[in-house]
Amino acid sequence: MLRSILECTSPAKRIAMFMNFISKLKNANNMKDKSYERGSQAEGEAEKSTRWDILVSVHRVRKYIKSLSIWSFLNNYETNLAKKRYLVLGLEGIILCSSLNPPKRRVDHIVQYKINNKMCTHFVVFRPMLEEFLRMVSRWYTIILYTTKEKEFADGVASYLERKHPVFEKCLYRNDCDYADDRLLLDLDKVSTDLSSVVVLDYKFGQHTNTLPIKQFCGSPKDRNLLSSGLILDCLRFCSDVRSILELAHL
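With the first letter of the sequence shown counted as 1, position 142 gets the number 142 in UniProt numbering; the numbers rise by one all the way through.
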């Protein structure tokens, strides 16, 4: 619906379509509000962070939407479309899961490297539809691999994913992270100084307002979260500031 509004060439028709879109959104929110009030109030924050259907039912969201520069979607369409954004991808739990022992199910790739003259072997299972996802979003985003895993492991995965064509603009590793409160944090300034154009796909919710939440991948062959994330990324590329939408997940 939003894309059809943006692609409409008539300003008058575009405004009419937009107002109709807002009306439908309001009706949908009202219905979800009633359903949400009857439901359980004890859902955890981790679950909320990855369920956008719950986010739109939160009472504060409608008030927040009114404060957004929503017209930037319409007025700056050409500028926003020409501006390529950055998509930051991690490894474990995001685009793959790995283990030191062979899993019971399929193995997509094996990464081997030496550390202190000791051979390390990782059995890797990639998230379903990963290659299709990378091919799709690479048209809209500059993809950055940013991981807290070992550099040797990250390079082994990147080399495999790039065996046919380049995927990652650059790779950032553990030594590129900040260390605070006994944990490693991504330093997004090393991705771009313009954080309005940076999207981080991550299940670790709350580190950045640039985070697009996704459920942690644990090896399920039925996982389809990359598909839904791709649809959201398709819409985010029209935003002048991606944080204006991603911040909804932090309310």
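Glycine included, C-beta positions come from ideal geometry on N, C-alpha and C.
Out of the options, which has the shortest C-alpha to C-alpha gap to residue i?
| i | options | result |
| --- | --- | --- |
| Asp-187 | Phe-168, Gln-207, Ser-197 and Asp-181 | Gln-207 |
| Asp-178 | Thr-147, Glu-132, Asp-202 and Phe-153 | Thr-147 |
| Leu-233 | Lys-204, Pro-221 and Val-198 | Val-198 |
| Glu-247 | Leu-212, Arg-237 and Met-119 | Leu-212 |
| Gln-112 | Lys-151, Arg-139 and Arg-106 | Lys-151 |
| Leu-184 | Leu-236, Lys-149, Phe-133 and Asp-155 | Lys-149 |
| His-165 | Gly-219, Ser-244, Asn-117 and Leu-134 | Leu-134 |
| Asp-155 | Ser-244, Leu-91, Leu-195 and Ser-220 | Leu-91 |
| Arg-174 | Val-167, Ser-138, Phe-153 and Arg-163 | Phe-153 |
| Lys-104 | Ile-245, Thr-209 and Cys-218 | Cys-218 |
| Leu-89 | Gln-216, Cys-120, Asp-182 and Asp-194 | Gln-216 |
| Asp-194 | Ser-240, Glu-132 and Arg-163 | Ser-240 |
| Thr-209 | Ile-245, Lys-83 and Met-119 | Ile-245 |
Would you mind stating whether residue i and residue j have Cβ atoms separated by less than 8 Å?
| i | j | result |
| --- | --- | --- |
| Leu-145 | Leu-172 | yes |
| Ser-229 | Leu-201 | yes |
| Val-191 | Arg-85 | no |
| Tyr-224 | Pro-102 | Reading the sequence as shown, one finds Arg at residue 224 and not Tyr. No, these two residues do not count as a Cβ contact at 8 Å. |
| Tyr-160 | Gly-93 | no |
| Ile-143 | Leu-226 | no |
| Val-157 | Ser-138 | no |
Between which residues of its own chain and residue i is the CB-CB distance below 8 Å, once the five residues before and five after are set aside?
| i | result |
| --- | --- |
| Phe-126 | Ile-95, Leu-96, Asp-108 and His-109 |
| Lys-222 | Pro-128 |
Should residue i go down as buried or exposed, given a rule of 16 or more other Cβ atoms within 10 Å for buried?
| i | result |
| --- | --- |
| His-122 | buried |
| Ile-115 | exposed |
| Leu-231 | exposed |
| Ala-180 | exposed |
Beta carbon of residue i: closer than 7 Å to some heavy atom of the ligand HEM?
| i | result |
| --- | --- |
| Ile-144 | For the ligand HEM, the structure offers nothing, since it holds no ligand at all. |
Mapping the DSSP letters down to three states, classify residue i as helix, strand or coil.
| i | result |
| --- | --- |
| residue 252 | Absent from the structure is residue 252, since the part of the chain shown begins at 1 and ends at 251. |
| Ser-99 | strand |
| Glu-150 | coil |
| Val-198 | strand |
| Phe-168 | coil |
| Phe-238 | coil |
| Arg-183 | strand |
| Leu-87 | strand |
| Phe-217 | coil |
| Glu-247 | helix |
| Leu-231 | helix |
| Val-107 | coil |
| Met-119 | strand |
| Val-157 | helix |
| Asp-178 | strand |
Among the residues of its own chain, which have a CB less than 6 Å from the CB of residue i, if the five just before and after it don't count?
| i | result |
| --- | --- |
| Trp-140 | Arg-237 |
| Ser-99 | Phe-123 |
| Asp-176 | Lys-190 |
| Arg-106 | none |
Spatial neighbours of residue i within its chain, please: C-beta separation below 7 Å, excluding the five flanking residues on both sides.
| i | result |
| --- | --- |
| Glu-169 | Thr-142, Ile-143 and Ile-144 |
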